[in-house]
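Structure first, commentary second.
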Amino acid sequence: MLIHPWDSARDDAEWQDWLAAHDFGQLAVNGLPGEPPYVQPLHFAYDAERREAVTHLARPNPLWRALEARPEAVLSVVDDYTYIPAPWHAPADGPPEHGTPTSYYAAVQLVCRARIVDDPQEKADLLLRQLAHFQPEGDHGHVAPGEAPYGRQLPGIRGLRLEVTGVRAKFKFGGNRPRETRRHVSDLLAARGGPGDATARAQQLRRLAADGD
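Basically the working numbering = 1-based index in the sequence shown + 769.
Printed below as a string of structure tokens:
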């Protein structure tokens with residue numbers, strides 16, 4: 770992922786705060802010889818203190834063979850995206866259609882080393898961590914090997930711990946444009962009100978405020 774200086778995260782807190790509100794992404798894994806890479810959509814729970822993401826998948830998933838051969842993976846999360854049409858970025862002294870169309874989006878890629886979890890108790894502990902994230906009210910059944918209601922289902926899944934070894938973070942919201950242009954685009958996003966426009970606008974305004982605007 771190309772990251773220009775004006776699109777990069779200002780610090781670790783920026784991407785960590787964004788990721789804390791995003792727990793669905795795609796896990797990209799090297800394919801086996803002669804096969805393309807695997808890309809698996811999934812929910813996950815990220816633990817900033819442990820620098821790891823945890824998840825689980827069904828035992829028949831073909832991803833396991835690839836991870837056993839090469840445990841390196843990338844967990845990619847993208848959101849707050851919208852399309853910026855050409856006239857919105859057009860120079861004031863030129864035709865509107867001569868502007869440059871682009872995309873706005875936020876993206877965090879966690880470069881990981883995967884560890885597969887098959888031990889029943891460790892797998893149950895991993896599931897409890899995920900449930901604590903997704904259902905913090907505790908409105909779920911007991912998770913323990915051999916015990917109802919989930920004990921009989923544990924053998925059908927494998928756990929996955931993703932140790933984060935690197936982070937690529939990008940916040941592409943017109944940071945290379947003059948502030949007047951960015952404010953103008955923000956107004957246009959509010960007026961258009963299409964899918965993704967409100968969240969993209971919120972990110973752009975947040976970055977403008979961080980720049981002192």
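Think of the CB as a built atom: it goes at the ideal place given N, C-alpha and C, for glycine as much as any other residue.
Beta carbon of residue i nearer than 8 angstroms to that of residue j
i	j	result
Y852	Q973	no
A822	L844	yes
P810	N799	no
G928	L895	yes
A883	M770	no
G935	V880	yes
H812	D781	no
L931	A838	no
Environment of residue i [buried if 16+ CB atoms lie within 10 Å]
i	result
V846	buried
A861	exposed
G943	buried
D849	buried
V912	buried
R970	buried
R819	exposed
Candidates the options, of which the one nearest residue i by Cα
i	options	result
Q795	T950, L826, G944	L826
P856	L958, R898, G981	L958
P840	V933, A967, T968	V933
S777	K941, R898, A967	K941
P891	P924, D792, W784, G963	Looking at the sequence shown, residue 891 is not Pro but Glu. Out of P924, D792, W784, G963, P924 has the C-alpha closest to the C-alpha of E891.
Y815	A790, R961, R975, P774	A790
I926	T869, D786, A893, R975	A893
Q718	P831, D966, P829, Q878	As shown, the chain starts at 770 and ends at 982. That puts residue 718 outside it, with no answer to give.
The beta strand (DSSP E) enclosing residue i, as first and last residue numbers
i	result
T851	841-853
T934	926-941
R882	871-886
Residues near residue i in its chain [Cβ-Cβ closer than 8 angstroms; skip 5 each side]
i	result
L977	R948, R951, R952, S955
R946	H858, V954
Own chain, CB closer than 7 angstroms to residue i, minus 5 neighbours either side, in chain order
i	result
I772	R937, K939
A835	V798, N799, G800, L801, Y807
A979	R779
P889	P914, L923
Residue span of the alpha helix (DSSP H) that contains residue i, given as start and end
i	result
E916	No alpha helix (DSSP H) contains E916, which DSSP labels as neither H nor E.
Q785	781-789
F793	F793 -> not in any alpha helix (DSSP H); beta strand (DSSP E) instead, spanning 793-798.
Same chain, Cβ closer than 6 angstroms to residue i, neighbours up to 5 away in sequence not counted
i	result
P865	P856, A859
H902	A814
P854	P870
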